[in-house]
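Only one structure is covered here, and it is reproduced in the block below.
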Amino acid sequence: MELDDARFTQREQLAQRQRGRSDLDRQLDVDIGSTSLTLRELLALGESSVIELDRDANELLDVFVNGTLIGRGEVVTVGERFGVRMT
Numbered sequence: 074m075e076l077d078d079a080r081f082t083q084r085e086q087l088a089q090r091q092r093g094r095s096d097l098d099r100q101l102d103v104d105i106g107s108t109s110l111t112l113r114e115l116l117a118l119g120e121s122s123v124i125e126l127d128r129d130a131n132e133l134l135d136v137f138v139n140g141t142l143i144g145r146g147e148v149v150t151v152g153e154r155f156g157v158r159m160t
């Protein structure tokens with residue numbers, strides 16, 4: 074089974090488990106990356122500080138529902154807000 078097929082299967086399984094409970098709220102999180110900082114670097118952060126993350130700018134973001142990875146997507150703007158276009 075290819076990775077895309079596995080992702081589709083995971084999404085379908087998640088959808089089947091959620092049927093009948095579709096009006097319940099779910100927590101959706103999007104992971105844009107992470108990094109490690111020393112305590113010295115952390116304490117030096119200020120208003121204009123930029124923190125470099127471990128993900129390339131053109132790399133897809135991980136999308137989670139209640140802590141479970143459900144897919145990947147790219148950052149888009151929706152009016153004045155950020156959004157994620159699922160891929």
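The numbering used here runs 73 ahead of the 1-based position in the sequence shown. Virtual Cβ for every residue (Gly too), placed ideally from N, Cα, C. Treat the numbers as computed from the prediction; the structure is a model and nothing was measured.
Among the options, the one whose alpha carbon lies nearest that of residue i
| i | options | result |
| --- | --- | --- |
| Leu97 | Val138, Leu142, Thr160 and Thr150 | Val138 |
| Gly140 | Ile124, Val103 and Ala130 | Val103 |
| Ile105 | Arg154, Arg99, Val136 and Leu142 | Val136 |
Residue i, buried or exposed, once every other Cβ within 10 Å from all chains shown has been counted against 16
| i | result |
| --- | --- |
| Glu147 | exposed |
Sub-7 Å separation of residue i and residue j beta-carbons
| i | j | result |
| --- | --- | --- |
| Arg145 | Leu126 | no |
| Arg158 | Val151 | no |
Limits of the alpha helix (DSSP H) - the one that residue i falls within
| i | result |
| --- | --- |
| Arg158 | Run containing Arg158: none in the alpha helix (DSSP H); it sits in the beta strand (DSSP E), Arg154 to Met159. |
Residue i: first and last residue of the uninterrupted beta strand (DSSP E) it sits in
| i | result |
| --- | --- |
| Glu147 | Thr141 to Val151 |
| Leu134 | Leu134 to Val138 |
Beta bridge counterpart(s) of residue i as assigned by DSSP
| i | result |
| --- | --- |
| Asp102 | Phe137 |
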